[in-house]
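Line by line, the protein sequences are chains D and H.
If you count the first sequence from 1, position 131 lands on 174 in the working numbering, and the numbers rise without skipping.
If you count the second sequence from 1, position 201 lands on 204 in the working numbering, and the numbers rise without skipping.
Glycine residues also receive a C-beta, built at the ideal position from the N, C-alpha and C atoms.
Everything below concerns the one structure shown next.
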Amino acid sequence: MPVITYREALRAAMAEELDRDPNVVIMGEEVGQFHGAYKVTEGLLAKYGPRRIVDTPISEAGFIGMGIGGAMLGLRPVMELMFFSFYSVAFDQIFNNAANIRYMSGGLINCPIVIRGPANGGTNVGATHSHTPESIAAYHPGIKVVVPSTPYDAKGLLKSAIRDNDPVMFMENTLLYGESGEVPDGEYLVPLGSAKVMREGGDISIIGHGRAIQMALKSADLLKEKHNLNAEIIDLRSIRPLDVETVLASVRKTSRVLLVEEAKPFCSVSAMLACIIQEKAFDYLDAPIRRVTSVDAPAIYSAPLEKEQLPTPQKIFDAALAVLK
Amino acid sequence: MTKKSPATKNTEATARDARQAPINAKLGADEKIQFYRDMVRIRRFEERCLRSYQQGKIGGFLHLYIGQESVAVGCCSVMGDNDHLITAYRDHGHALGVGMGMNELMAENFGKYTGCSKGKGGSMHYFDPSRHYWGGHGIVGGQVPLGVGLAYGLKYKGIKGACLTFMGDGAVNQGAVHESYNLAALMDLPVVFIIENNGYSMGTSQELSSAGASLAGRAEGYGMNWAIVENGYDVYAVRDQVSAALKLAHDQSKPSVLEIRTYRYRGHSVADPDSTYRDKTEIEEYKRTKDPIIYYQTALLAEGVLTEDIIKKIDESARAEVETSAQFAEHSPYPTMEDVKKDVYWEVDNPQDKKSTGCLFFD
């Protein structure tokens with residue numbers, strides 16, 4: 044199977060959907076002539092032309108709103124936020140208009156839009172460019188939220204997101220763009236709402252999403268190596284819809300749970316998961332649920348500290364041992 | 004229109020000339036009477052809404068359109084088959100203007116399932132995409148980027164249509180509006196931005212809220228065509244200017260900004276006691292000299308198109324229609340608790356085509 048990067052997988056998904064559906068358009072800052080701030084859309088302008096690949100001004104509220112209006116009329120805009128952090132500039136358009144338009148019109152209007160871009164810390168760019176707003180987006184009924192952690196999922200999930208008739212927030216990660224993995228040529232889809240068991244194990248369930256999953260896999264190696272413990276790693280892949288069943292199946296199997304994510308701890312995805320698990324699988328738990336999140340402060344600029352503010356394989360390893368104690 | 008429309012010269016002469024403009028000169032008596040009827044229907048509807056609100060049948064916010072009828076009727080009357088419309092929360096006039104029925108509108112206000120949005124939107128959130136009516140939006144200026152997007156969609160699909168994108172004079176200071184201006188001008192989108200300038204941004208006058216000489220004139224900064232319809236109470240003048248802007252959008256895919264001067268008789272919403280920011284004599288003076296219905300009625304009487312008898316019949320018919328709508332709303336069912344979670348996700352409402360798995364609701 045071909046090995047390509049996460050970035051190339053995203054690009055392949057967009058190209059295939061551009062070929063498949065004439066209503067798909069790619070829009071955003073620097074997506075055309077500049078080839079994308081992170082080169083995700085590189086080459087698309089040359090192939091599809093300026094009608095399909097649309098450079099926008101730095102004007103998130105305006106162009107995201109424009110995409111929503113186009114989606115209401117039947118287009119399938121795929122909007123790039125250079126950093127997902129800039130969603131806050133378009134907050135009203137996303138969460139009042141895209142999220143609510145179907146509801147407030149009594150189901151008369153759909154909004155098949157994808158808003159994608161990197162949502163991560165760890166790149167030494169400070170608090171304004173390091174937001175991880177999965178839980179903020181997923182808080183809003185009407186919105187779907189997807190967070191791929193591998194090239195395979197990046198392609199399969201993005202294709203599903205583009206075909207989805209509801210608005211999808213698709214959160215990527217600049218630190219994963221260059222990571223490689225096996226990705227089949229051509230058509231396949233990963234449905235929204237299905238988690239993936241990345242590694243099977245019987246001693247503890249480590250559950251999360253995004254780059255934290257890659258760290259969890261490293262910590263699972265350490266757990267095996269140093270303590271002969273078998274961690275089961277669950278990548279949620281999709282936050283809303285959420286694959287509650289796969290999570291609960293793992294919890295029932297291991298009875299010990301560690302939740303991991305890059306976001307801040309308050310009202311986060313892991314906080315929601317902890318609530319769901321205690322509600323639906325309390326009797327299976329042999330220890331309190333623990334979490335590894337970012338340290339609860341704005342993202343610090345200073346590079347060595349920023350690394351420590353985020354989850355690390357060591358922190359996940361330590362927390363897993365604490366759950367298993 | 005040129006860079007600045009000839010009709011920007013808003014003299015009394017041009018006001019009188021609007022009747023002679025080609026778009027109006029070709030009108031038959033039936034059409035003229037229809038515009039009159041539409042304005043009267045809006046006013047009677049709004050009056051009945053107010054009564055229902057006072058009776059506790061309508062809740063929340065209710066932004067009445069009384070005094071501004073000539074704007075919605077004039078604008079909607081020049082829309083072609085491929086033209087679209089989006090507006091803010093003072094949306095009743097436009098909804099009636101595009102032909103939505105009073106029953107579904109009144110029922111929506113009552114929060115009933117028979118409402119145009121199944122009681123999920125309320126007075127500020129009417130929708131009817133089958134009539135190219137895209138709302139009804141509650142956040143000041145928030146609908147303006149959507150209007151640009153609708154225009155973008157029309158152009159992308161190769162449809163020769165435009166989107167009339169309404170906003171109030173309070174919206175012009177929102178960033179999203181300026182971003183929309185820039186995008187529309189930059190991309191040559193067929194959108195007509197219409198500022199319904201009723202003089203007050205809620206309870207703050209234009210003088211106290213907006214810098215610069217004119218609101219529409221801000222279009223200059225974006226190289227956009229603009230014009231002011233000084234006598235927005237005159238349905239002929241509205242039709243004349245809006246049709247020119249639509250032609251520019253249709254023929255050249257160029258946006259424009261029209262500022263239509265108008266006036267609201269009631270408070271910002273009915274919750275506004277309207278006692279702090281303007282003088283009652285100001286309202287009375289406008290009603291006496293510029294009421295859009297009286298003004299048009301006088302014109303049509305002079306033209307020999309209307310008679311006292313027709314006026315009476317139109318009024319009686321409108322009163323009966325609104326009363327029927329209030330009865331319809333009263334006797335309609337509320338949505339059920341099961342309805343609360345419908346129309347959230349397309350997928351959930353169309354299970355046969357559902358592709359995703361997993362949980363979408365968390366209660």
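Contiguous beta strand (DSSP E) assignments of at least 3 residues, all confined to the stretch 24-95 of chain H: 87-89
Checking contacts by CB at 8 Å: is residue 164 of chain H closer than that to chain D? no
Can you give the beta carbon distance from residue 127 of chain D to residue 160 of chain D, rounded, assuming they're within the 8 Å contact cut? 4 Å
Tell me which residues share the same chain as residue 329 of chain H and place their Cβ nearer than 7 Å to its Cβ, disregarding the 5 neighbours each side in the sequence. Counting only Cβ-Cβ distances below 7 Å, and skipping sequence neighbours, we find 51, 55, 109.
Contiguous beta strand (DSSP E) assignments of at least 3 residues, all confined to the stretch 129-187 of chain D: 157-161
Please work out which residues of its chain come closer than 6 Å, Cβ to Cβ, to residue 154 of chain H, disregarding the five sequence neighbours upstream and downstream, and give them in chain order. 166, 192, 193, 194
Limits of the beta strand (DSSP E) - the one that residue 213 of chain D falls within: 211-215
Can you have a look at residue 291 of chain H and say buried or exposed, based on whether 16 or more other CB atoms are within 10 angstroms of its CB? Its Cβ having fewer than 16 others within 10 Å, residue 291 of chain H is exposed.
Mind checking if residue 102 of chain D is an interface residue toward chain H, Cβ cutoff 8 Å exclusive? yes
How about residue 148 of chain H: is its C-beta nearer than 8 Å to some C-beta of chain D? yes
Confirm, please, whether the CB-CB distance from residue 150 of chain D to residue 356 of chain H is below 8 Å. no
Looking only at its chain, what residues have a beta carbon closer than 7 Å to the beta carbon of residue 118 of chain H, apart from the 5 residues adjacent to it on each side? When the five nearest sequence neighbours on each side are left out, the beta carbons in the same chain lying within less than 7 Å of the beta carbon of residue 118 of chain H are those of 107, 110, 111, in order along the chain.
With a threshold of 7 Å on Cβ separation, who are the neighbours of residue 76 of chain D within its own chain once the five nearest residues in sequence on each side are excluded? 88, 98
Hey, is residue 288 of chain D close to the ligand ADP, as in C-beta under 7 Å from one of its heavy atoms? As far as ligands go, the structure on display features none, and thus does not contain the ligand ADP.
Inter-residue Cα distance where the pair is residue 104 of chain H and residue 64 of chain D: 36 Å
Does the stretch 275-285 of chain D touch the stretch 176-194 of chain D, meaning 3 or more C-beta pairs lie closer than 8 Å? yes
Using 8 Å as the cut-off, can you tell me whether the stretch 165-173 of chain D makes contact with the stretch 336-351 of chain D, which would need three or more C-beta pairs spanning the two stretches below that distance? yes
So is residue 119 of chain D buried or exposed if we call it buried at 16+ other beta carbons inside 10 Å? With a 10 Å radius around the Cβ and a threshold of 16 neighbouring Cβ atoms, residue 119 of chain D comes out buried.
Kindly indicate which three-state DSSP category residue 171 of chain H falls into: helix, strand or coil? strand
Does DSSP put residue 51 of chain D in a helix, in a strand, or in coil? helix
Distance CB(residue 26 of chain H)-CB(residue 81 of chain H) smaller than 8 Å: Their beta carbons are under 8 Å apart, which means residue 26 of chain H touches residue 81 of chain H by this criterion.
Going by other Cβ atoms of all chains shown within 10 Å of its Cβ, with 16 needed for buried, is residue 71 of chain H buried or exposed? The residue is buried, with at least 16 neighbouring Cβ atoms inside 10 Å.
Check for me: the beta strand (DSSP E) holding residue 226 of chain H runs from which residue to which? Membership of residue 226 of chain H in any beta strand (DSSP E) is not indicated, and neither H nor E is assigned to it by DSSP.
How many Å lie between residue 8 of chain H and residue 260 of chain H at the Cα? In this predicted model, residue 8 of chain H has a pLDDT of only 45, less than 50, meaning its place in the structure is not dependable enough to derive any value.
Classification of residue 51 of chain D by the beta-carbon crowding that lies within 10 angstroms, buried from 16 upward: buried
Leaving out five residues on either side along the sequence, give the residues of the same chain with a beta carbon under 7 Å from the beta carbon of residue 145 of chain D. 152, 153, 154, 185
To the nearest angstrom, how far is it from the Cα of residue 1 of chain H to the Cα of residue 94 of chain D? Missing from the structure shown is residue 1 of chain H; chain H here goes from 4 to 366 and no further.
Would you please verify whether the beta carbon of residue 263 of chain H is less than 8 Å from any beta carbon of chain D? Not an interface residue.
Against chain H, does residue 153 of chain D count as a neighbour if the rule is that its beta carbon must be under 8 Å from one of theirs? yes
Closest to residue 304 of chain D by C-alpha separation, out of D:156, D:263, D:355, D:267, would be which residue? Taking each of D:156, D:263, D:355, D:267 in turn and checking the Cα distance to residue 304 of chain D, the smallest one comes out for D:355.
In the DSSP assignment, find the unbroken alpha helix (DSSP H) run with residue 274 of chain D in it and report its ends. No alpha helix (DSSP H) holds residue 274 of chain D; the beta strand (DSSP E) holding it covers 274-278.
How long is the line joining the alpha carbons of residue 181 of chain H and residue 187 of chain H, rounded to whole angstroms? 10 Å
Since residue 132 of chain H meets chain D, which of its residues come closer than 7 Å, beta carbon to beta carbon? 151, 152
Residue 106 of chain D versus chain H: which residues are under 7 Å apart at the beta carbon? 186
Name the chain D residues whose beta carbon is nearer than 7 Å to that of residue 182 of chain H? 102, 104, 105
Where residue 321 of chain H and residue 147 of chain D are concerned, what is the direct C-alpha to C-alpha distance, given to the nearest angstrom? The straight-line gap separating the alpha-carbon atoms of residue 321 of chain H and residue 147 of chain D is approximately 28 Å.
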